[in-house]
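Residue numbering for the sequence shown follows this note's numbering, starting at 831 and increasing by one per position.
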Amino acid sequence: MKNFSGYKCSLCGAEYLQGQVTYTCPKDGGNLDIILDYETIKKKFQPEDITSRTESSLWRYLPLLPVDEPAGDSTPLHAAGWTPVFALPRLAEKLRLKHLWLKDESRNPTASFKDRASAVVVTRARELKSEIVVTASTGNAGAALAGMSAAVGQKAVIFAPKSAPQAKVAQLLIFGAKVILVDGAYDDAFDLTIKAAQEFGWYCRNTGYNPFTAEGKKTAAFEIWEWWIEAHREWHKKDSALEDHPPLSIFVSVGDGNIISGIHKGFKDLLALGWIPNMPRIIGVQAEGSAAIANAFHANTEIVTPVSAATLADSISVDLPRDGIRAVRAAKETGGTYITVTDDEIIQSIAELGRMGVFAEPAGAAAYAGLVKAAGLGGVGGDDPVLVLNTGSGLKDVRAAMQAVPSAPIIEPTLEAVKRIL
């Protein structure tokens, strides 16, 4: 496999060759980091070799990924990633920030960040000749797996809690996956998925369990790196007096911890290659009702204690985060922090982002809600460049979106009626 030499346990540090392990460390159950061959990559590639590539998807970073290029013609699997970054000057002014941007992951093929992980995992499954790929999901990961699998004719099975939003369940079914609703929470579906994979020999995509999920998610860090090269250059052009400034702060919503740890992995790869001089600051945002990782971070421990998760942001509603330790480290090792927000603050943020032309689902809006709180508490200052990550489309959870806005009036079809409500 290209540039892929093996695995390293994130807990005990044990290393394994390809073929020795598949999911987690046999010694302690720790999540595995995929080891890239940095020296070989550095000999073959310079940053310009990546940034000059023409692919407008995550596959432009193939030299930094542990899978081969997916076979076949252009499909939705080939279109994951390469999402846009928008400036938000009006919100920046409101928060007394000079520079605020949002990276919109809702533009992915199945409208969420999870397409990145699923594209890489499905590619890996095809390399392993796995007949069926299975995952547990509250909706987005399952939709991503179902969509990416459908694109290349891969069979997929999705276990989802019966409380998953109907719009997300509809996506699973439309993409042709075998959908099984579990009478329980996400964590119950997660455990059942692992048992089923072991029993039937399926390849398990579970987030924070399969090491290739983080490899897909790290591609967002590569895109941020590329975008920041240009944005930073333009920023300095506009302000010739600017010599030094704080690092880029990235706000990421956090549930099981795999997105934030994947982004951290991407920047660690770039740092190991010598392609960035330092790390951006990564700030995790959790819902108050699902804050196991934030609790551990603020207790200055890597022991993540389960909670009874209760939040309308279903994508980040997790009792026991499966990638909690690496998620704690993502903030700690980059000078970041964790912030918790209420469901009311998330709802308000859906409306605020909507007025900027961005329709975010609750989990995506949580990242912006975290920025609002951080700005109010002095966690970010006016000179801090800030990037917020919207992880999914508001169309994923219309019921939550409707809580963020007043009901539309119903009138008689007359001009007089229009005048009365204006």
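Glycine included, C-beta positions come from ideal geometry on N, C-alpha and C.
Item	Value
So if DSSP puts Ser1223 in a beta bridge, which residue, or which two residues, is it bridged to?	Ala1190
I'd like to know if Phe989 contacts chain D, where contact means its C-beta is closer than 7 Å to some C-beta of that chain.	Absent here is chain D; the protein component of the structure consists of one chain.
Could you pull out every residue in the same chain whose Cβ sits closer than 8 Å to the Cβ of Val999, ignoring the five residues on either side in sequence?	Gly969, Ala990, Val1009 and Leu1011
So which of Ala981, Glu869, Thr854 and Ser942 has the shortest CA-CA distance to Leu907?	Ala981
Around the C-beta of Ile1240, are 16 or more other C-beta atoms found within 10 angstroms, so that it is buried, or is it exposed?	exposed
Taking all protein chains shown into account, do 16 or more other C-beta atoms lie within 10 angstroms of the C-beta of Ile1251, making it buried, or fewer, making it exposed?	exposed
Taking DSSP as the reference, what is the three-state secondary structure of Ile806?	Given that the chain is displayed from residue 831 to residue 1252, the structure contains no residue 806 and the question cannot be resolved.
Pop quiz: Val963 and Val952 are said to be a contact at Cβ under 8 Å. What is the actual Cβ separation, rounded to whole angstroms?	6 Å
Taking the C-alpha atoms as reference points, what is the distance between Met831 and Asp898?	At Met831 the pLDDT is 47, less than 50, meaning the model places this residue with poor confidence; the figure from the coordinates comes in the next sentence. C-alpha separation (whole angstroms): 7 Å.
Helix, strand or coil: which one does DSSP assign to Ile864?	strand
For Thr1172, which option in Glu1191, Ser1138 and Glu1118 has the closest C-alpha, if you only look at C-alpha atoms?	Glu1118
Evaluate Gly843 with the Cβ neighbour count: other Cβ atoms within 10 Å of its Cβ, from every protein chain shown; 16 or more gives buried, anything less gives exposed.	exposed
Taking C-alpha atoms, which residue in Ile1155, Ala1247 and Ile1089 lies nearest to Gly1194?	Ile1089
In terms of residues, what are the limits of the alpha helix (DSSP H) holding Lys944?	From DSSP, Lys944 is part of no alpha helix (DSSP H); its letter is neither H nor E.
Using the Cα positions of Ile1093 and Ala1247, report the straight-line distance between them to the nearest angstrom.	52 Å
When burial is assigned at 16 or more other CB atoms within 10 Å of the CB, is Thr884 buried or exposed?	exposed
In the DSSP assignment, the alpha helix (DSSP H) including Val1228 goes from what residue to what residue?	Val1228 to Met1232
For Phe916 and Lys933, I'd like the C-alpha separation in whole angstroms.	6 Å
Please look up how many angstroms separate the CB atoms of Gly1038 and Asp1099, rounded, as I've assumed it's under 8 Å.	Incorrect: roughly 19 Å between the Cβ atoms, too far for contact.
Since I believe Gly1166 is in contact with Gly1111 (beta carbons under 8 Å), could you give me their beta-carbon distance rounded to a whole number of angstroms?	The residue you asked about is not Gly; residue 1111 is Arg in the sequence shown. Indeed they touch by this definition, with Cβ atoms about 5 Å apart.
Would you give the residue range spanned by the alpha helix (DSSP H) that Pro919 belongs to?	Pro919 to Lys924
Within 10 Å of its beta-carbon, does Thr1049 have 16 or more other beta-carbons around it, so buried, or fewer, so exposed?	buried
Distance, Cα to Cα, Leu841 vs Leu1078?	28 Å
Name the two residues that bound the continuous beta strand (DSSP E) containing Thr852.	Note, Thr852: premise wrong, no beta strand (DSSP E); not H, not E.
Rounding to the nearest angstrom, what Cα-Cα distance links Glu1132 and Gly902 in this structure?	43 Å
Cβ of Val1134 within 7 Å of Cβ of Ala1140?	no
So, for Ile830: in the same chain, excluding its five sequence neighbours on each side, which residues have a beta-carbon less than 6 Å away from its beta-carbon?	The shown model of the chain, from 831 to 1252, leaves out residue 830, and the question about it has no answer.
Should Ser1223 go down as buried or exposed, given a rule of 16 or more other Cβ atoms within 10 Å for buried?	buried
Suppose you measure from the CA of Gln1233 to the CA of Asp1013; what does that come to, to the nearest Å?	26 Å
Quick check: Ala1197 and Ser1091, are their CB atoms within less than 7 Å of each other?	no
Quick check: is any heavy atom of the ligand COA less than 6 Å from the C-beta of Lys998?	Among the components of this structure there are no ligands whatsoever, and the ligand COA is therefore not found.
Which term fits Ser936, buried or exposed, when burial requires 16 or more other beta carbons within 10 angstroms of its beta carbon?	buried
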